[in-house]
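Written out below as structure tokens is the structure these notes cover.
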Amino acid sequence: MKKIDKVKVGLGSRSYNILIGSDLLDICGKLIKPITQMGDVLILTENKVPNIYLKKVQRSLTKQKIIHSRIILPSGEKIKSFQYLEKVLDRMLKLKITRQSTVVALGGGAIGDLAGFASSIILRGVNYIQIPTTLLSQVDSSVGGKTGINSRYGKNLVGSFFQPQLVIADISTLKTLPKRQMISGYSEIVKYGIIADRGFFSWLENNGSEVINHNKAKLLRAIKVSCQNKSKIVSADEKEAGIRSLLNLGHTFGHALENYSGYKLLHGEAVSIGMRMAVDLSVNRKFCNLEEANRVKNHLIKIGLPIQPKPKKAAKNALLDIMFRDKKVRNNKINFVLIKKIGDAFLNDKISRKDLEKFITTYL
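Residue numbers for the sequence shown follow this note's numbering, so the first one is 508 and each next one is one higher.
Now the structure itself:
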């Protein structure tokens, strides 16, 4: 029997497990079968997912006598669009999806977000399962029920909260992940240490390089602790009315930079720059001392994550406009996630646009 770590996301009748281990694709049919309850499975995947992983999933489903079909989309952020949402919904209906069907998202964060959103609206909602194949999606986007697509006005502005029935995080899929993607995903791991787990941050300072270089035991621990941190927050605040907003550390700056770059920046890279800016803003507003901020910056640099935005000078107003269109803006105020120290984050909406403009100018 394979060793499987289990993290529960406690949401009452909508609770579910995150299963973490190695070579789980080989037994995913057995793990999924109790959820399908004799219904069929529709696999939604992307063309950059190695074919061997799709075949493993299909073989495992066949072994359990689960009828299944598949939809293969291009990879990347571009699929999080109205155009691809319509294509997916149309294909689902053509394949005669029913309310007894289960959608399986196999791939990175973009495919998971799109599959989850499509599942939440097709036939007014069908079950879905996440099988994330990137580090970023295993520790962040596959957990918590945020689904959605982008609009020309910004990232993730159209979507829903819709929880999966199960998350299967198979670290074996990370072996084929490009190094840049592995490093990008790490930014969401270190985020948990910065916002709420000082001990985890200290552990990452000593072990982070081995995590991104596929040390199995340390990679498993990093993913498990990340999922435990996210599960705790999501269980307490599913719809982001309060504490869950802390998970957005670096994302307000990051989403703006990601959008402005035309998504040439990977999400984790943009979040890394955004976290650096959020920590600097914490120092700027005298909430945090420079020593703590430098620990964060030095660790990001050590791992190989970017910390310096590179937009043109003319981008300042464009970045601000994107930031003020963020879905978390209230009464024309941005609710920033700042820190007092590593492991102690808080929300602050007292920074004016004028002060923010002055702060951003220091980077351009």
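Using N, Cα and C, we set each Cβ at its ideal position, and we do this for glycine too.
Val674 is a Cβ neighbour of Leu526, given a cutoff of 9 Å. Counting C-beta atoms within 10 angstroms of its own C-beta, Asn755 has 16 or more neighbours from the protein chains shown and is therefore classed as buried. In the DSSP assignment, Pro639 is bridged to Gly614. Cβ atoms of Ala617 and Glu584 come within 8 Å of each other, at about 6 Å. Taking the Cα positions, Leu711 is about 29 Å away from Phe866. Around the beta carbon of Leu788, 16 or more other beta carbons sit within 10 angstroms, so the residue counts as buried. According to the DSSP assignment, Tyr523 belongs to the beta strand (DSSP E) that extends over 523-528.
Per DSSP, the unbroken alpha helix (DSSP H) holding Thr543 starts and ends at 535-543. Around the beta carbon of Ala748, fewer than 16 other beta carbons sit within 10 angstroms, so the residue counts as exposed. Note that the C-beta distance between Asp512 and Lys857 is not below 9 Å.
Beta-bridge analysis with DSSP links Gly651 to no other residue. Ranked by Cα distance from Phe794, the first of Pro816, Met830, Ile849 is Ile849. With respect to the C-alpha of Asn524, the residue from Ser667, Asp828, Thr569, Pro671 having the closest C-alpha is Pro671.
DSSP places Ala676 in the uninterrupted beta strand (DSSP E) bounded by 673-677. As the crow flies, the alpha-carbon of Val548 is around 33 Å from that of His762.
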